[in-house]
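Here's the structure, in structure tokens; my notes come after.
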Amino acid sequence: MQSSEEPFCTRMRKVTRNVHSISDALVQSKFVLGLIDDRVWAEGLLVFYEVFSFLEGSIQRQHDTAVGKFDHPALKRVPGFEADLALFYGADWKVTHRPADRECVRQVLAHLEEIEKSDPVLLTAYIYHLYLGLLSGGQILRKKQKLMRASQFAKGSSVVDFDPKDIQELKKFIKDTMTDLADTMDEDTKKRILDESVKVFQFNCELIRSVRSTNYALLKIGRSLTLAVIFAVLAIMLYTHLSSTEDDEKQL
5 MQSSEEPFCT RMRKVTRNVH SISDALVQSK FVLGLIDDRV WAEGLLVFYE
55 VFSFLEGSIQ RQHDTAVGKF DHPALKRVPG FEADLALFYG ADWKVTHRPA
105 DRECVRQVLA HLEEIEKSDP VLLTAYIYHL YLGLLSGGQI LRKKQKLMRA
155 SQFAKGSSVV DFDPKDIQEL KKFIKDTMTD LADTMDEDTK KRILDESVKV
205 FQFNCELIRS VRSTNYALLK IGRSLTLAVI FAVLAIMLYT HLSSTEDDEK
255 QL
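Take my numbering: the final residue in the sequence shown is number 256, and no numbers are missing along the way.
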């Protein structure tokens, strides 16, 4: 890649900025402010679980392709999701609470299944944005942990339980992997990944809007807003990722 060419990760960040319209920003801001009940966090975990489960499965299924390059033991989040969901919903949560029954979850999974069959390299857009988002959100969570009250909720955040010393290393791993892959791609492939990056944000917003417990939580505005801080890890993961990526790129 010529030194004058804009880094592909920078292009991924820039192309997705346009997705954050004022409307979506307001929706997400109100949503985060309303996250004051444990059930909202649990339901948020539930709707995102299937997406991360699919992506981690695809990394194994596509191990010999570009997707498989993102395989890293410290990035695996499915065990954390499952531990948290079992805490909130009980050991049989996969029977009593079926996230794939939701229309928006079905749509996302159907799309992911289709591109894995037809154009699997597009899955790299989801892996790149979603996992960087969790890592950025995880840093926020670590900074706020000392403000958290001891509760079941405090125990139900295994999904963002990264070792602090690993966070920068993992973010660098994801960006370096994406950069290395982009160096081998033609411009048409890069354009398809950039277009798919926009869809990552669009699907993210739909999943957030599907959380039904939000209205109930808004009635309990007097409770600690530390809960909102924690759920922001998922609810605005992509917004956090975008705002932090530029500084990270300067450090690398």
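Where a beta carbon is used, it is the ideal one built from N, C-alpha and C, also for glycine.
Taking 8 Å as the cut-off, the beta carbon of Leu-198 is found closer than this to the beta carbon of Arg-15. For the segment 88 to 117, the full-length alpha helix (DSSP H) segments reaching 4 residues or more read 97 to 100 along the chain.
Close CB contacts of Val-82 within its chain, under the 8 Å cut and outside five residues either way in sequence, are with Tyr-53, Phe-56, Ser-57, Glu-60 (chain order). Here the alpha carbons of Glu-47 and Glu-210 stand approximately 14 Å from one another. C-alpha of Val-202 to C-alpha of Gly-160: approximately 30 Å in a straight line.
Relative to the Cα of Ala-129, the nearest Cα in the group Asp-68, Asp-105, Lys-98, Ser-62 belongs to Ser-62. Check the Cα spacing between Phe-12 and each of Pro-124, Thr-183, Gln-206: the tightest is with Thr-183.
Secondary structure of Ala-70 (DSSP, three-state): coil.
Between Ala-87 and Ser-162, the C-beta gap is smaller than 8 Å, which places the two residues in contact.
If you draw a 10 Å sphere on the C-beta of Arg-110, you find fewer than 16 other C-beta atoms in it, and that means exposed.
Separation of Asp-170 and Lys-194 (C-alpha to C-alpha, rounded to the nearest whole angstrom) is 28 Å. In this structure, the CA atom of Glu-107 is about 15 Å from the CA atom of Gln-206.
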